[in-house]
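One structure below.
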Amino acid sequence: MTDGMDAATRLRQDVTATLGPAHAAVVDRHAQRLLPLAWPADALAAKLIEGVQHEFHDTFVDTTWPHCPAHPNHPLWFDDGAWRCSENGAAVAGLGDLGAVLFNDAIVGLRRGDFDRLAPLFADRGSELPLILQWHRDARFDKHPAELAEALSNACFLGRTGVVRALIDAGVDPAAGTGCGMDGLHWAANRGKLETVKLLIDRGAPLETINMHGTTALGTAVWSAINEPWWGPAQIEIVEALLDAGARVEAGGYPTGNEEIDRLLKEHGAQA
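The sequence shown begins at 1 in our numbering and counts up one residue at a time.
Set out below in structure tokens:
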């Protein structure tokens, strides 16, 4: 590692890239306290990094800061010149490189459909934008339009309606992002995300797109309500919202054997 001032600059870059510029003041405060001390540069830098990380953890700013890309619920720790995975000790990023490493990992994860693992990127951060929206604002996705479309589907999967709205408002096609076999409306219907479904309907998402399971958003919603009922009452409301929006009733598979769903399908013209 280089001198303490260089470490402070790079640590500030990591904090700004992952938590947002408002939190960089924590680095500045610790640096003002530590840099005047006549310690060896490496020891000073290590103490600075340790103090900043512990403050974020202890004050619940982010108890897993910085996240391990492979293990989102595990924090990275700095040791021997690199941010390292607490699970296996592998080096993940150099000091100052964390933002770029996380973005590149997200691109790979979006291509693979690692939607649950990428959830922290879509999470609310108070006054700061979710990382996905921050990266979009900073034009990081300009060379990755397909992955940006997958980010929209990922947000629908997670029910992050605010992120979905922001991406559509920015011009992302609500019908795009089908690399994992389903578009955003399919995912939101599958996982009981009622508010997201309503937003997508309002923004003109196509209702009759066929997904990898050979059915539409309505068929997906009906299947999920019957086979994955743990998403709750919103699942029935999603079926109703899709029907009210004009979804083809035939995709519901009437009769389904579910009394509530069959009543809705019949009210919208389903015939055995």
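C-beta atoms are modelled at their ideal positions from N, C-alpha and C, and glycine is treated no differently.
| Item | Value |
| --- | --- |
| Proximity test, residue 110 beta-carbon vs the ligand HEM heavy atom, cut-off 7 angstroms | This structure lacks the ligand HEM, and indeed carries no ligand of any kind. |
| Environment of residue 259 [buried if 16+ CB atoms lie within 10 Å] | exposed |
| DSSP three-state assignment for residue 92, whether helix, strand or coil | strand |
| Own chain partners of residue 19 with C-beta closer than 8 angstroms, once the 5 adjacent residues on each side are dropped | 56, 61, 62, 65, 125 and 128 |
| Uninterrupted alpha helix (DSSP H) stretches inside the segment 186–262 (no shorter than 4 residues) | 194–202, 217–227 and 234–244 |
| Separation of residue 86 from residue 46, as counted between CA atoms | 17 angstroms |
| Coil, strand or helix - residue 76 by DSSP | strand |
| Straight-line gap, residue 68 to residue 98 (C-alpha atoms, nearest Å) | 10 angstroms |
| Residues near residue 35 by beta carbon distance below 6 angstroms, same chain, minus five either side | 4 |
| Inter-residue Cα distance where the pair is residue 162 and residue 38 | 48 angstroms |
| Same chain, Cβ closer than 7 angstroms to residue 222, five either side skipped, listed in chain order | 239, 252, 253, 256 and 261 |
| Bridge partner(s) assigned by DSSP for residue 85 | 76 |
| Residue 67, DSSP secondary structure in three states | strand |
| Contact check, residue 148 vs residue 164, beta carbons under 8 angstroms | no |
| Sub-8 angstroms separation of residue 49 and residue 7 beta-carbons | yes |
| Cβ neighbour criterion (16 or more within 10 Å) applied to residue 272 | exposed |
| From 209, 153 and 187, residue whose alpha carbon lies closest to that of residue 235 | 187 |
| Cβ neighbours of residue 250 in the same chain (closer than 8 angstroms, five flanking residues each side left out) | 270 |
| Beta-ladder partner(s) of residue 147, from DSSP | In DSSP, residue 147 forms no bridge with anything. |
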